[in-house]
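S.K.:
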Amino acid sequence: MYDSIVIGSGIAGSVIARELAERMNKKVLVLEQREHIGGNCYDEYDEHDVLVHTYGPHIFHTNKERVYEYLSRFTNWYPYSHEVVANVYGTFIPVPFNLNSLYQVYGQEEGKELEEKLIDCYGEGVRVSILELKENADPKIQQVADYVYENVFLHYTMKQWGQTPDEIDPSVMSRVPVLISRDNRYFQDRWQGMPLHGYTKMFEALLNHQNIDVKIKTKAQDIMKFEQGQVYFENKPFKGEVIYTGPVDELFQYCYGKLPYRTLKFEMEYYKEEHFQTHGVVNYTVNEEYTRITEYKWMTGQRVEGTTIMREYPASYTGEEGQIPYYAILNDTNKKLYEKYKGMLQEYGNIYALGRLAEYQYYNMDAMVEKALELADSIEQKREGV
Ligand code: FAD
Ligand code: UDP
1 MYDSIVIGSG IAGSVIAREL AERMNKKVLV LEQREHIGGN CYDEYDEHDV
51 LVHTYGPHIF HTNKERVYEY LSRFTNWYPY SHEVVANVYG TFIPVPFNLN
101 SLYQVYGQEE GKELEEKLID CYGEGVRVSI LELKENADPK IQQVADYVYE
151 NVFLHYTMKQ WGQTPDEIDP SVMSRVPVLI SRDNRYFQDR WQGMPLHGYT
201 KMFEALLNHQ NIDVKIKTKA QDIMKFEQGQ VYFENKPFKG EVIYTGPVDE
251 LFQYCYGKLP YRTLKFEMEY YKEEHFQTHG VVNYTVNEEY TRITEYKWMT
301 GQRVEGTTIM REYPASYTGE EGQIPYYAIL NDTNKKLYEK YKGMLQEYGN
351 IYALGRLAEY QYYNMDAMVE KALELADSIE QKREGV
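In full-length UniProt numbering, the protein residues as written are 1 to 386.
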């Protein structure tokens, strides 16, 4: 009855399902174990009518025109430019650390001298990783690097990863650079914003197609089996493509051991005030157990009485009931372990791994949409025998 089965209705699963259904006219079944679609991008109205992101703050941003154009078919945008400040012992400085932060920390005179040095060394408007800045031989630049390392990155990263910035994968650290500019935005991408009516509405539009059936509260393994290179759906061999967006170790009962992840615990609180803080997100980079507080109203532009905030507490993922694996921990050992599972997947000619979990990667939403569109391209080409 179905040509394709998509496991997971996050952004990866929803985009590929749409493409298989619309572009290739395939009959698609989407299986989702949670009670709702949208994966970690899901948003909902809480009991105070505030639109919140249940699994942590999601801001759309991209330089990829194809991705922006594609999602714009399913949503209009609220033009939100994300700005973050770090609470450093009660003083709030822009993050990424930039020239405005520099003047705030060092004052006018010393700030000017340091600004000139940084521009001379790296050029105006450049993004420099803190790890690179730390290598600079100039003692004055060293001083800035030490300040930023200690007050922006070290403690936040210890909370988030349980490791220092030097220990984790450099690609993670370079996500948040030091910016040699006065741009206070968290992202410098050409397109950024929030789906005008929320993410869930955008997912509903994505999945709203005559060729797509969605089954929520259904774990794939409950109605499918994966045995010796053969997929079974409702006890019959299934030959169509299966797009898997969940964790690969789980699919094979952790036969080589568990892939490590970091998880998060979220704590919501409602205040009867107009605002709780000055920005959508405040990072707690030197103290507190949580990494950041998000105030959703700033991000969605919603006009509503009172405000809801969310604190994020990182922890290591143990797999206990209710925990969600949010972040792959990228290092050589874990990548090797992942490759073993990937090898098992490849024994099934018709399973494609797609998504943050299935690919064991740190993808933003836009990268995920791009990957899903590219997978659709390649399935289509295969079909046409190109
Ligand atoms: P997911 O969203 O995890 O979806 C996978 C889905 O598959 C889930 O719904 C899961 O329940 C389901 N599933 C898994 N296994 C099975 C199974 N066996 N059977 C049935 N269903 C199954 N990106 C940005 O671009 N901007 C941001 O601001 C941003 N903020 C983030 C903040 C946080 C706290 C986190 C954790 C991530 C953030 N991201 C952000 C990244 C973004 O969440 C991911 O890029 C995106 O959600 C990945 O989509 P996905 O479909 O791969 O995975
Ligand atoms: N980071 C930090 N201090 C900050 C912001 C980020 O140390 O104020 C580090 C931290 O290790 C984090 C990484 O930079 O995990 C990437 O941050 P980003 O905001 O991109 O993470 P996200 O929340 O989007 O996953």
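Quick reminder that beta carbons are idealized off the backbone N, C-alpha and C, glycines included.
(1) Taking the straight line between their C-alpha atoms, what separation do you get for residue 101 and residue 287?
(2) Restricting to Cα atoms, I'd like to know which of 226, 86 and 104 is closest to residue 344.
(3) Where does residue 311 sit, in a helix, a strand or coil, going by DSSP?
(4) Buried or exposed for residue 170, please, with buried defined as at least 16 other CB atoms from any protein chain shown within 10 angstroms of its CB.
(5) Within 10 Å of its beta-carbon, does residue 292 have 16 or more other beta-carbons around it, so buried, or fewer, so exposed?
(6) Just confirm the distance between the C-beta atoms of residue 62 and residue 366, as a whole number of angstroms; I'd bet it's less than 8 Å.
(7) For residue 15, which residues in the same chain have their Cβ closer than 6 Å to its Cβ, ignoring the five residues on either side in sequence?
(8) Under DSSP, the beta strand (DSSP E) around residue 244 begins and ends at which residues?
(9) Please report the distance separating the alpha-carbon of residue 38 from that of residue 237.
(10) How many Å lie between residue 154 and residue 141 at the Cα?
(11) Which partner residues of residue 51 appear in the DSSP bridge assignment?
(12) At what residues does the alpha helix (DSSP H) containing residue 157 begin and finish?
(13) Which residue wins for smallest C-alpha separation from residue 198, given the options 360, 45 and 36?
(14) Comparing the CB of residue 147 with every heavy atom of the ligand ADP, is any distance shorter than 7 Å?
(15) State buried or exposed for residue 308, treating a residue as buried only when at least 16 other CB atoms are found within 10 Å of its CB.
(16) Could you check if residue 1 is buried or exposed, using at least 16 other CB atoms within 10 Å of its CB as the buried criterion?
(17) Using three-state DSSP, classify residue 276 as helix, strand or coil.
(18) So, residue 353 versus residue 20, is the Cβ gap smaller than 8 Å?
(19) By the 10 Å Cβ neighbour count, where 16 or more other Cβ atoms means buried, how is residue 192 classified, buried or exposed?
M.R.: For this structure:
(1) As a working note, residue 101 is residue 101 in the sequence shown. As a working note, residue 287 is residue 287 in the sequence shown. Residue 101 and residue 287: Cα-Cα distance of roughly 19 Å.
(2) As a working note, residue 344 is residue 344 in the sequence shown. Comparing Cα-Cα distances from residue 344 to each of 226, 86 and 104, the minimum goes to 226.
(3) For the purposes of this step, residue 311 is taken as the residue at position 311 of the sequence shown. The three-state secondary structure of residue 311, taken from DSSP, is strand.
(4) Translated into the one-based positions of the sequence shown, residue 170 becomes position 170. Classification of residue 170: exposed, given that the 10 Å Cβ count is below 16.
(5) Your numbering for residue 292 matches position 292 in the sequence shown. Classification of residue 292: buried, given that the 10 Å Cβ count is 16 or more.
(6) The count along the sequence shown starts at 1 and reaches residue 62 at position 62. The count along the sequence shown starts at 1 and reaches residue 366 at position 366. Contact between residue 62 and residue 366 holds, since their C-beta atoms are separated by about 4 Å, short of 8 Å.
(7) Position 15 of the sequence shown, counting from 1, holds the residue named residue 15. In its chain, beyond the 5 residues on either side, 369 and 372 have a beta carbon closer than 6 Å to the beta carbon of residue 15.
(8) Here residue 244 corresponds to residue number 244 of the sequence shown, with the count starting at 1. Residue 244 -> beta strand (DSSP E) spans 241-244.
(9) Reading the sequence shown from its first residue, position 38 is the one you call residue 38. Reading the sequence shown from its first residue, position 237 is the one you call residue 237. One C-alpha to the other measures close to 28 Å.
(10) Residue mapping note: residue 154 aligns to position 154 of the sequence shown, counting from 1. Residue mapping note: residue 141 aligns to position 141 of the sequence shown, counting from 1. Those two C-alpha atoms are separated by around 18 Å.
(11) For the purposes of this step, residue 51 is identified with residue 51 of the sequence shown, where counting begins at 1. According to DSSP, which records beta bridges pairwise, residue 51 is partnered with 45.
(12) Position 157 of the sequence shown, counting from 1, holds the residue named residue 157. Residue 157 -> alpha helix (DSSP H) spans 155-161.
(13) Within the sequence shown, residue 198 is the residue found at index 198, counting from 1. Between residue 198 and the set 360, 45 and 36, the nearest pair of CA atoms involves 45.
(14) Of the ligands this structure carries, namely the ligand FAD and the ligand UDP, none is the ligand ADP.
(15) In the sequence shown, residue 308 corresponds to position 308, counting from 1. The residue is buried, with at least 16 neighbouring Cβ atoms inside 10 Å.
(16) Reading the sequence shown from its first residue, position 1 is the one you call residue 1. Under this definition residue 1 is an exposed residue.
(17) On the sequence shown, residue 276 is found 276 positions in, with the first residue counted as 1. Of the three classes helix, strand and coil, the one that applies to residue 276 here is coil, per DSSP.
(18) Mapped onto the sequence shown, residue 353 falls at position 353. Mapped onto the sequence shown, residue 20 falls at position 20. Taking 8 Å as the Cβ cut-off, residue 353 and residue 20 do not qualify as a contacting pair.
(19) Counted from its first residue, the sequence shown places residue 192 at position 192. A residue is called buried once 16 or more other Cβ atoms fall within 10 Å of its Cβ, and residue 192 is buried on that count.
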